[in-house]
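Read in my numbering, the sequence shown has 245 at position 47, and its numbers run on one by one without any break. Ideal Cβ positions, reconstructed from N, Cα and C, are used throughout, including at glycine. None of these values were measured; they are calculated from a predicted model.
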Amino acid sequence: ESEMIGSLAWATATSGNLTNADRVRFLAPILRITAQYTAGRLRLALGLRSPRAGALDLDRLVLPDSKLAAEALRECSETLTPSMQQHSLRTFVFGLALANLDQVRLDVEHLYVASLLHDIALEAPTPGRCFAVVGAERAFAIAQRSGADDAAARAIAEAIAMHVTPGVGFERGPLGPTIAAGALVDVAGMRLWDLDPGFVQAALARYPRLAMKRH
């Protein structure tokens, strides 16, 4: 179980490189996600949004300001381009809104930190190693340096390692699937139909896309 594909242990051992058998295992969740996406985009086109739309009051949302949160924000600001910095913040607010909608209990500070760091190695990749694996390792070191206990550091790193795994579930906690959900709203419009359009527009105004699609 400790070597479950996509887990931190698996990622560290393999650098995130998939075997042919791994690729076959991902076909089913990829097809399921594709079907959900197609159906959801059709609902959006027809104006059939979820009657129980997720939203946050961004004016009342207090961002975590612990030493760990501040260090993650500094690392995000100094490492990523402005476009990716804003994506990281949108990942947090979209993920949190969906978690609230789905009644998923999680540590908001850990979600904030993991969201800020989930793409920390994307723009400067390490040859032969998945960016999510490198990002997980960096996040683990940042968390430990900031005084987080081992369990918290490992949960954040695990979530980052797993967030690109197709069909990632809650077997290893809520952070990984929540980051994946928030990022997929922003990158592909996945589950956009479950979010209140006014909230989405407010999030885009506060954390602008800055030509992210082209970037």
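In chain order, what residues of the same chain lie with their CB nearer than 7 Å to the CB of Ala295, ignoring the 5 residues before and after it? Here residue 295 refers to the residue found at position 97 when the sequence shown is read from its first residue. Gly252, Ala253, Leu254, Leu393, Phe397.
Please state the DSSP three-state secondary structure of Gly326. Position 128 of the sequence shown, counted from the first residue, corresponds to residue 326. Coil.
If you drop the 5 nearest sequence neighbours on each side, which residues of the same chain put their C-beta closer than 6 Å to that of Glu199? Here residue 199 refers to the residue found at position 1 of the sequence shown. With a pLDDT of 39 at Glu199, under the threshold of 50, the modelled position of this residue cannot be trusted; read the value that follows with caution. Closer than 6 Å at the Cβ level, and outside the excluded window around Glu199, lies no residue.
Distance check for Arg336 and Arg404, CA to CA, integer angstroms please. For the purposes of this step, residue 404 is identified with residue 206 of the sequence shown, where counting begins at 1. For the purposes of this step, residue 336 is identified with residue 138 of the sequence shown, where counting begins at 1. The straight-line gap from Cα to Cα measures roughly 27 Å.
In this structure, how does DSSP classify Leu393 when only helix, strand and coil are distinguished? Taking the first residue of the sequence shown as 1, we reach residue 393 at position 195. Leu393 falls in the strand class under three-state DSSP.
Going along the chain, which residues of its own chain have a beta-carbon closer than 6 Å to the beta-carbon of Pro280, five neighbours each way excluded? As a working mapping, residue 280 is identified with position 82 in the sequence shown. Around Pro280: Leu408.
Keeping to the same chain, check which residues put their C-beta closer than 7 Å to that of Glu273; ignore five residues upstream and five downstream. Working through the sequence shown from its first residue, we reach residue 273 at position 75. Leu315, Ile318, Ile340, listed in sequence order.
Please say whether Ala349 and Tyr310 have beta carbons closer to each other than 9 Å? What you label residue 310 is simply residue 112 of the sequence shown in a count that begins at 1. What you label residue 349 is simply residue 151 of the sequence shown in a count that begins at 1. Not a contact, by the Cβ cut-off of 9 Å.
Thinking Arg250 and Leu299 are a contact (beta carbons under 8 Å), I'd like their distance in whole angstroms, please. In the sequence shown, residue 250 corresponds to position 52, counting from 1. In the sequence shown, residue 299 corresponds to position 101, counting from 1. At roughly 7 Å, the Cβ-Cβ gap stays under 8 Å, so Arg250 and Leu299 are in contact.
Short of 7 Å in beta carbon distance, which residues of its chain neighbour Gly326, apart from the five on each side in sequence? Order them along the chain. As a working note, residue 326 is residue 128 in the sequence shown. So the list reads Ser213, once near-sequence residues are dropped.
According to the neighbour-count rule (16 or more other Cβ atoms, all chains shown, within 10 Å of its Cβ), is Ile354 buried or exposed? Sequence index remark: in the sequence shown, residue 354 carries index 156 (1-based). It counts as buried.
Starting from Ile377, trace the alpha helix (DSSP H) in both directions and tell me its first and last residue. In the sequence shown, counting from the first residue as 1, residue 377 sits at position 179. Looking at the DSSP string, the run of the alpha helix (DSSP H) that includes Ile377 is 373–386.
Selection from Val362, Arg247, Asp263 that minimises the alpha carbon distance to Cys328: The residue you call residue 328 lines up with position 130 of the sequence shown. The option with the nearest alpha carbon to Cys328 is Val362.
Using the C-alpha atoms, what's the distance from Ala233 back to Ala226? Stepping through the sequence shown from its first residue, residue 226 is reached at position 28. Stepping through the sequence shown from its first residue, residue 233 is reached at position 35. Spanning the two alpha carbons is a distance of roughly 11 Å.
On the three-state DSSP scale, how would you describe Gly367? For the purposes of this step, residue 367 is taken as residue 169 along the sequence shown, with counting starting at 1. It is coil, neither helix nor strand.
Can you tell me whether Ser286 is buried or exposed, with buried defined as 16 or more other CB within 10 angstroms of its CB? In the sequence shown, the residue the question calls residue 286 occupies position 88. Under this definition Ser286 is a buried residue.
Can the beta-carbon of Met388 be found less than 9 Å from the beta-carbon of Leu206? Position 190 of the sequence shown holds residue 388. Position 8 of the sequence shown holds residue 206. No; because the gap between Cβ atoms is not below 9 Å, this pair is not in contact.
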